[in-house]
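In mature numbering (1 follows the signal peptide of the UniProt record, and there is no 0), the protein residues as written are -17 to -1, 1 to 782.
Cβ coordinates follow ideal geometry from the N, Cα and C atoms, glycine included.
Input: a single structure, listed below in structure tokens.
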């Protein structure tokens, strides 16, 4: 069968070389090299002898020196056919079936056809890459024996016998192995090893020399065991994972950095936010989640650490909190999780996080720092991110950035003293992160040192000291902005390059104010107070010292919230802080001014002048009539300004105490006394009074009906009607009057009552009308303000 395959291979023309050898010859097998016991050869030396034939790989056969040879039974004639053939699937399968140690794929084979006892006699070395199979086949009764020599020393003896009682005319052999220092080794043999360095040299199961040592992320424990010893660096928008691969975060979301199934419920998150530019994010804080979701350690800017909502006080002495060892020094904060078989430490200096792992080399890792096949979007954590974190922004390119200069700066990582660490930690990912950032973002806020510092610290974790790196780069190893705590809408940066630090507004937060050239939010008006909040970081942008600001009354100063850094100014009815009251036809306006000037009499100033007016208003009731027909006992009119809200009501009663309201559809007899109360709900009577200017009745719904009868004129009772009397008009936010019910002569019985009212600010004004003639004949009270246009409120009656 096998010989037939050989013949068919030759007949169909797949051979790569053919020749007939009739004497000792050197054959070129470079197109199908043979690896003989671990040594690769491209020539075969054929030697004919009286009783043997030798196929040697390193020279012609010499009985005294031997060499690397296959020496076997001589053929009938000193003649050999030589073929080089391409791989054959049938031959490959036969070898796989008969030689269990052969694992590689067949690449080619060399065929020697000789004659023994008048029939073919074949020797076939088959190339399987680093492995070689040998086939010996005879088709005539008889036997052949081949001796495998390595350096003249017998390594194996291969025999084939074929006769009437032994039909095995072919045999398959493995002439593979590993060669090292002149010796031959079998599969799996250890050629050399050193437990102290975890180095070993073995012969693999495919006869290849296999070097084993700790990988670039591992450290030898001195006992032949390699442990994971690697660092993931997250700095700026860049993640340099445990394997040195670079990823970049382009939005302001939270991402999974590290989690491992071998440490259940442990998760490290990175939270990204913008700084000076809207379209570039930076690592802002790190969150450690462990045991259960309710336990969260937040490592934040300025070295602040929160356990859930509790701020922890830390120092250089480690504190154990929920099995996490926490400490803080001048370089930053470290959180270390100690496990029985591994250690996970998270360092954060407010701008750079470095996650260092020491543990089993096969520790499975996921997240941006691990060997995760998941996409960046899959690792985004929506439950920790704002709903708008993926909104994209585009800032114009900064033409002042000299990218070539930044590249030169970043390439310092390939120079001394950093170069002493380059063999252990590849500087290229750090250089890439550095240049990608500094060619787009200005080199401020310590950014020109941030990437150099991150590389230096990663090296220090592998015991590289990098002496003098700070002096060469003019950088400090201390954490930038240590102990300066900014609010959520701020970040810590430098006032000038290399100068003092302060809290700056984040670009997206500040954009809504900068687009309108404002420094704070709209005025908040309640029933008796006005409040305005200014943004502290915007004030600092303008060079304004918030502590120098005050209202018209210099004793009324702003209060800064310690958490938000918002500066709040307020005044109210009990403390007006120099409030100024003005009116117009539609509003009463209460105004104050935030300023940094001590008095209007100052002749000169040496600081920017600040004048920020803010006000609250009472809107006079709109001039409109809300009419209610037939027996309705009250009417309500709502005034809804943008600031202070109030409600006007007019209601009728049948008793002097104004407790018995006239029910709807109730009959009101003629000449019955009716008390009518007008009230403004929602006003502060310390600040404003409601004045009823006039009230009159008409026979039609319109306040200008053809028939009209006056009850109140100029805030006083009609002197012609002795049943009318006005009470508490202008005292506060309500007043009332009474009269006896009547009807128009010859009418259907319907009357419509209309009242004209206005609001009067009490500050520096007399709001109570002065009435003559025993409080019946009257004149308006003198006032220091121009009376605003009054409003109508009407009530319909029937008798």
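1) So, do the stretch 308 to 318 and the stretch 331 to 339 have three or more beta carbon pairs nearer to each other than 8 Å?
2) Three or more C-beta pairs under 8 Å: does that hold for the stretch 348 to 367 against the stretch 390 to 398?
3) Can you find the residues in the same chain that come closer than 8 Å, C-beta to C-beta, to residue 228, ignoring five residues on each side of it along the sequence?
4) Helix, strand or coil, according to DSSP, for residue 219 in the structure here?
5) Between the beta-carbon of residue 312 and the beta-carbon of residue 511, is there less than 9 Å?
6) Whole angstroms is fine: what's the gap from residue 51's alpha carbon to residue 158's?
7) With a CB to CB cut of under 7 Å and the five nearest residues on each side skipped, what residues in its chain are close to residue 368?
8) Could you tell me whether the Cβ atoms of residue 262 and residue 377 are closer together than 9 Å?
9) Measuring straight from C-alpha to C-alpha, what distance separates residue 784 and residue 545?
10) Using 9 Å as the threshold, is the C-beta distance between residue 593 and residue 575 below it?
11) By Cβ distance, which residues of its chain are closer than 6 Å to residue 472, with the 5 residues on each side in sequence left out?
12) Using CA coordinates, which residue listed in 644, 652, 125, 740 is at the minimum distance from residue 672?
13) Use the C-beta contact count for residue 744: other C-beta atoms within 10 angstroms, 16 or more gives buried, fewer gives exposed.
14) Verify whether the separation of the beta carbon atoms of residue 173 and residue 55 is less than 9 Å.
15) Determine the extent of the alpha helix (DSSP H) in which residue 155 is found, giving its start and end residues.
16) Taking buried to mean at least 16 other C-beta atoms within 10 Å of its own C-beta, is residue 283 buried or exposed?
17) If we call anything under 9 Å between Cβ atoms a contact, is residue 694 one with residue 707?
18) Kindly indicate the opening and closing residues of the beta strand (DSSP E) around residue 679.
19) For residue 142, tell me which candidate among 85, 175, 105 has the shortest Cα-Cα distance.
20) Helix, strand or coil for residue 168? Go by DSSP, reduced to three states.
21) In terms of alpha-carbon separation, which member of 189, 230, 178 lies closest to residue 206?
22) What does the alpha-carbon distance come out to for the pair residue 662 and residue 678?
23) Compare the beta carbon distance of residue 550 and residue 522 with 9 Å and say whether it is the shorter of the two.
24) Whole-angstrom Cβ separation of residue 27 and residue 10, contact assumed at under 8 Å?
25) Give the secondary structure of residue 103 by DSSP, where H, G and I count as helix, E and B as strand, and everything else as coil.
26) How would you write the range of the beta strand (DSSP E) that residue 722 sits in, first residue to last?
27) Using CA coordinates, which residue listed in 727, 705, 714 is at the minimum distance from residue 691?
28) Distance check for residue 81 and residue 130, CA to CA, integer angstroms please.
29) In the DSSP output, which residue or residues are listed as bridge partners for residue 839?
30) Specify whether the stretch 193 to 200 and the stretch 242 to 251 touch according to this definition: at least 3 beta carbon pairs, one from each stretch, less than 8 Å apart.
31) Please check the pair residue 646 and residue 719, which I expect to be a contact at CB under 8 Å, by giving their CB distance rounded to whole angstroms.
32) Are the stretch 132 to 140 and the stretch 87 to 107 in contact at 8 Å, needing three or more beta carbon pairs?
33) Mind the definition here: the stretch 394 to 403 touches the stretch 448 to 463 only if three or more C-beta pairs lie below 8 Å; say whether that holds.
34) I'd like the ranges of any beta strand (DSSP E) spanning at least 3 consecutive residues and lying wholly in the stretch 281 to 317.
35) Determine the burial state of residue 116: buried for a count of at least 16 other Cβ atoms within 10 Å of its Cβ, exposed for fewer.
36) Using three-state DSSP, classify residue 123 as helix, strand or coil.
By the coordinates alone:
1) These segments touch.
2) No, because fewer than three Cβ pairs between the stretch 348 to 367 and the stretch 390 to 398 fall closer than 8 Å, the two stretches do not touch.
3) Answer for residue 228: 412, listed in chain order.
4) Coil, per DSSP.
5) If you check the CB distance, residue 312 and residue 511 do not come in under 9 Å.
6) Each residue's alpha carbon lies about 11 Å from the other.
7) Answer for residue 368: 236, 237, listed in chain order.
8) In contact: residue 262 and residue 377 (Cβ atoms closer than 9 Å).
9) Shown here, the chain extends from -17 to 782; a query on residue 784 therefore has no answer.
10) No, Cβ-Cβ distance for residue 593 and residue 575 is not below 9 Å.
11) Cβ within range, chain order: 489, 492.
12) Residue 672 has its Cα closest to that of 740, out of 644, 652, 125, 740.
13) Classification of residue 744: buried, given that the 10 Å Cβ count is 16 or more.
14) Against a cut-off of 9 Å, the Cβ pair of residue 55 and residue 173 comes out as no contact.
15) Membership of residue 155 in any alpha helix (DSSP H) is not indicated; the residue belongs instead to the beta strand (DSSP E) covering 153 to 157.
16) Classification for residue 283: buried.
17) Their beta carbons are under 9 Å apart, which means residue 694 touches residue 707 by this criterion.
18) Note, residue 679: beta strand (DSSP E), 671 to 681.
19) Measuring C-alpha to C-alpha distances from residue 142 to each of 85, 175, 105 identifies 105 as the nearest.
20) Residue state, collapsed to three classes: strand.
21) Taking only the C-alpha atoms, the option nearest residue 206 is 178.
22) Residue 662 and residue 678: Cα-Cα distance of roughly 14 Å.
23) Judged by beta-carbon spacing, residue 522 lies within the 9 Å limit of residue 550, meaning their Cβ atoms are closer than that value.
24) Yes, residue 27 and residue 10 are in contact; Cβ-Cβ is about 5 Å, under 8 Å.
25) Strand.
26) For residue 722, the enclosing beta strand (DSSP E) has its first and last residue at 717 to 723.
27) The shortest Cα separation from residue 691 among 727, 705, 714 belongs to 727.
28) Taking the straight line from one Cα to the other gives about 20 Å.
29) Because the chain is modelled from -17 through 782, residue 839 falls outside the range shown and cannot be assessed.
30) No: fewer than three Cβ pairs fall under 8 Å.
31) Contact between residue 646 and residue 719 is absent: CB atoms are separated by about 18 Å, not below the 8 Å threshold.
32) Result no; under three Cβ-Cβ pairs closer than 8 Å.
33) Yes, the stretch 394 to 403 is in contact with the stretch 448 to 463.
34) Every beta strand (DSSP E) stretch that sits fully inside the stretch 281 to 317 and reaches 3 residues is listed by chain position as 288 to 290, 293 to 295, 302 to 304, 307 to 312.
35) A residue is called buried when at least 16 other Cβ atoms come within 10 angstroms of its Cβ; residue 116 meets this threshold and is buried.
36) Residue 123 sits in coil when the DSSP states are folded into three classes, being neither helix nor strand.
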